[in-house]
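Residue numbers (the working numbering), protein chains in the order written: chain Z, 126 to 327; chain F, 126 to 327; chain U, 126 to 327; chain B, 126 to 327.
We put the CB at the ideal spot given by N, CA and C, even for glycine.
Everything numeric in this text was worked out from a predicted model, so none of it was measured.
Okay, structure first, notes after.
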């Protein structure tokens with residue numbers, strides 16, 4: 126590959142990343158639209174109604190953390206790419222189409238958090254998103270799109286950070302048959318509480 | 126053109142592309158707002174209601190794929206530009222004004238998928254978007270804005286990828302007079318199923 | 126100013142422009158949320174209802190063209206900057222706060238296009254946006270933030286393109302006292318029809 | 126650190142900043158969705174209804190100024206970074222999760238501006254956002270992520286601009302027990318009226 130092509134390739138990759146970042150930024154920000162201002166009618170108090178928002182707020186912060194974590198993994202993996210092809214573009218679009226569903230599945234969770242099928246829908250979309258993400262990293266490695274210096278980090282991501290989220294959410298689906306709240310407790314513990322120190326080692 | 130002007134031109138083009146990517150990223154993400162959380166009343170089950178969302182989800186993935194494909198073509202064509210002018214800016218804005226309509230026409234399709242005029246509206250907007258896109262590529266070539274190295278790829282895009290979407294959607298309009306569902310089947314087959322391998326050859 | 130500071134200044138300016146582009150891209154895309162899917166009840170036909178959307182679509186394309194034109198002017202003026210300061214940041218934020226109102230005033234126009242006060246509100250916000258934009262360009266020139274090579278172009282923008290939109294909209298306000306539709310006709314003629322050829326001369 | 130790693134680090138930081146700018150741009154633009162087109166029924170006049178929007182517009186401009194000010198501080202502090210780590214990424218995400226809440230707390234304020242708990246919610250979220258922002262700056266300094274040339278400016282931001290907003294909003298919470306409007310007057314005076322001249326000294 127000559128220098129000019131390489132430079133153009135780098136610009137292209139930059140634009141792909143910029144588009145992806147835009148989609149992530151919008152999807153994470155749209156989460157706020159799920160929070161509904163309570164309507165205070167009769168003799169109920171606004172204080173009480175605002176306090177009752179905590180499950181919606183918990184779902185908001187959980188989804189924010191999940192989408193943020195997806196972005197972090199994407200960010201780290203794409204920083205190691207030195208080329209890409211049409212299949213990778215297609216996988217990236219498919220991946221984004223699941224990430225963009227998160228504000229919707231969060232809204233389902235907000236509304237029907239005590240229903241098993243709401244919990245399974247939420248976990249299912251995140252499992253799928255995580256699997257496509259994992260496939261994208263594996264494909265990048267196999268097709269030789271990862272810069273030699275970054276191969277170890279990407280391979281580690283494919284084994285670790287990128288698989289962590291889909292495994293947690295896949296495992297949480299059967300738990301929903303015990304109780305929806307058990308599933309949610311599992312998410313909060315395993316997603317929010319995962320030691321940040323892991324991410325320091327880069 | 127001296128080096129300074131050339132550098133400024135490159136920055137300008139970068140900003141035009143960044144703005145366009147932003148609009149694409151937002152339009153594709155707003156598609157999620159069309160998905161409505163079902164309201165479960167009486168003795169109906171949430172499971173059933175969620176399963177009944179499949180036509181909305183199909184419309185979501187179809188529009189995501191169409192807008193994503195538009196972005197890919199734009200991305201490839203603009204990577205080959207080395208200059209631009211006011212007409213190209215105007216055509217690009219006109220093109221974006223049709224792309225941004227897609228979340229709206231998708232919502233019409235969600236609500237009235239069995240009405241012929243909903244299907245025709247959806248196909249019509251995409252046909253127009255595709256035609257403006259095609260005109261933009263033709264104009265770039267004719268006005269000498271395409272880098273010599275990229276002329277062949279752009280000319281191929283003008284004949285191929287860029288015309289594919291408007292032709293599919295234009296041809297699908299008369300099919301709607303047979304049955305709206307026949308039109309939709311045609312879209313899914315021809316848009317989602319178009320071999321990705323084509324995109325690998327870059 | 127030493128080379129390091131200059132480089133940092135350029136990065137800063139790049140980030141300011143990226144943030145501004147993001148706001149423009151979102152504001153222009155949110156215009157689509159004003160289009161309401163018609164509800165077909167009783168014996169009315171979807172075809173008729175869709176055709177009745179034309180005033181909403183006209184307002185959509187008008188606002189898209191206005192925001193797009195604002196972006197073009199901003200783009201051209203900021204391409205000529207080589208530094209900025211806190212006042213320019215403040216003016217830019219104030220300017221954006223009026224641009225972001227456009228989806229709202231467009232919605233007012235959609236709903237009450239035959240009311241004089243709706244038309245005046247729409248024109249008033251655009252007049253204010255245009256004036257802040259003009260003040261921003263004047264300030265950039267006076268404070269020496271414009272690169273010497275770009276001074277003529279910026280001064281021309283301050284006299285021409287940047288003043289065109291606020292003058293058209295300011296003059297259209299008294300016309301609303303004749304009839305709201307006369308005002309709208311004036312906008313369409315003067316904004317959409319302004320020769321694109323002007324923009325080619327860069 | 127070798128040159129290649131340094132270059133990759135710079136790209137990474139650029140992508141982090143681009144993502145953050147995207148979130149800020151969307152959050153600030155979503156504020157417009159809180160403005161509701163008045164419904165004119167019976168014999169009330171649109172003029173009157175539009176004039177009655179002033180508290181909503183005031184809340185809009187206040188939140189726009191607050192989010193804009195947050196962005197300015199972020200912009201200035203991140204311009205001085207030459208590296209980052211996982212903790213900083215985590216703090217930045219936590220910070221963004223509070224910034225993204227602003228359109229929601231603004232909507233609460235729009236609807237229940239005369240309720241003490243609405244005012245406290247609004248001030249509370251901004252206090253938290255400001256504290257996380259302050260912690261992020263402090264951490265950057267302590268962990269050695271700030272470029273030596275920028276250390277003084279960042280330390281000054283940590284003592285000044287970054288603490289100003291959370292202190293104003295924290296102090297305004299007890300004032301809400303006197304009257305909600307006293308709190309709001311305090312915000313407008315202290316946030317909107319803070320001399321812009323401060324920002325010129327960079």
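According to DSSP, residue i sits in a beta bridge with which residue or residues?
| i | result |
| --- | --- |
| residue 206 (chain F) | F:271 |
What's the gap between the Cα of residue i and the Cα of residue j?
| i | j | result |
| --- | --- | --- |
| residue 184 (chain F) | residue 142 (chain F) | 27 angstroms |
| residue 291 (chain B) | residue 238 (chain F) | 50 angstroms |
| residue 300 (chain Z) | residue 308 (chain Z) | 6 angstroms |
| residue 155 (chain B) | residue 274 (chain F) | 42 angstroms |
| residue 205 (chain U) | residue 160 (chain Z) | 42 angstroms |
| residue 327 (chain B) | residue 242 (chain U) | Bear in mind that the predicted position of residue 327 (chain B) carries a pLDDT of just 34, short of 50, making it unreliable; the figure below should be weighed with that in mind. Near 43 angstroms, if we compare the C-alpha coordinates of residue 242 (chain U) and residue 327 (chain B). |
| residue 212 (chain U) | residue 277 (chain F) | 48 angstroms |
| residue 253 (chain Z) | residue 138 (chain B) | 29 angstroms |
| residue 268 (chain B) | residue 258 (chain B) | 15 angstroms |
| residue 149 (chain Z) | residue 272 (chain B) | 29 angstroms |
| residue 227 (chain U) | residue 172 (chain F) | 41 angstroms |
| residue 174 (chain Z) | residue 163 (chain Z) | 6 angstroms |
| residue 165 (chain Z) | residue 262 (chain U) | 47 angstroms |
| residue 315 (chain U) | residue 246 (chain U) | 18 angstroms |
| residue 140 (chain F) | residue 209 (chain F) | 12 angstroms |
| residue 152 (chain F) | residue 266 (chain U) | 36 angstroms |
| residue 286 (chain B) | residue 264 (chain U) | 24 angstroms |
| residue 219 (chain B) | residue 202 (chain B) | 17 angstroms |
| residue 157 (chain F) | residue 158 (chain U) | 12 angstroms |
| residue 182 (chain U) | residue 250 (chain U) | 20 angstroms |
| residue 325 (chain B) | residue 304 (chain U) | Low confidence applies to residue 325 (chain B): its pLDDT is 37, below 50, so where it sits in the model is not reliable, and the reading given next is rough at best. If you take the alpha carbons of residue 325 (chain B) and residue 304 (chain U), they lie about 46 angstroms apart. |
| residue 170 (chain F) | residue 170 (chain Z) | 32 angstroms |
Grouping DSSP H, G and I as helix and E and B as strand, with all else coil, what is residue i?
| i | result |
| --- | --- |
| residue 147 (chain F) | helix |
| residue 163 (chain U) | coil |
| residue 213 (chain F) | helix |
| residue 229 (chain Z) | helix |
| residue 158 (chain U) | helix |
| residue 327 (chain F) | Any reading at residue 327 (chain F) must be qualified, since the residue scores a pLDDT of 35, below 50, and its modelled position is unreliable; the value itself is stated next. Looking at residue 327 (chain F) - three-state DSSP - the assignment turns out to be coil, as it is neither helix nor strand. |
| residue 304 (chain Z) | coil |
| residue 249 (chain Z) | helix |
| residue 235 (chain B) | helix |
| residue 83 (chain F) | In the structure as shown, chain F starts at 126 and stops at 327, and residue 83 (chain F) therefore has no counterpart that could be examined. |
| residue 277 (chain B) | helix |
| residue 170 (chain B) | coil |
| residue 285 (chain Z) | coil |
| residue 199 (chain Z) | helix |
| residue 128 (chain U) | Reliability of the predicted coordinates at residue 128 (chain U) is poor, the pLDDT of 48 falling under 50, and the value obtained from them is presented with this limitation in mind. Helix at residue 128 (chain U). |
Among the options, which has the Cα closest to the Cα of residue i?
| i | options | result |
| --- | --- | --- |
| residue 311 (chain U) | U:171, U:248, U:258 | U:248 |
| residue 215 (chain F) | U:163, U:244, U:254, U:193 | U:193 |
| residue 313 (chain Z) | Z:150, Z:180, Z:153 | Z:180 |
| residue 288 (chain B) | B:235, B:207, B:256, B:223 | B:256 |
| residue 177 (chain B) | B:259, B:210, B:236, B:146 | B:236 |
| residue 145 (chain B) | B:260, B:221, B:164 | B:221 |
| residue 306 (chain B) | B:240, B:140, B:172 | B:240 |
| residue 224 (chain B) | B:209, B:172, B:199, B:285 | B:199 |
| residue 244 (chain B) | B:197, B:207, B:302 | B:302 |
| residue 147 (chain F) | U:182, U:250, U:196 | U:196 |
| residue 217 (chain F) | F:304, F:260, F:170, F:158 | F:260 |
| residue 270 (chain U) | U:304, U:251, U:207, U:250 | U:207 |
Meets three-Cβ-pair contact criterion under 8 angstroms: the region 184 to 194 of chain F and the region 218 to 236 of chain F: Because the criterion of three Cβ pairs below 8 angstroms is met, the region 184 to 194 of chain F and the region 218 to 236 of chain F touch.
Stretch-stretch touch, CB-based, cutoff 8 angstroms, three pairs: the region 278 to 285 of chain U with the region 293 to 304 of chain U: The region 278 to 285 of chain U, when compared against the region 293 to 304 of chain U, does not touch it at the 8 angstroms Cβ threshold.
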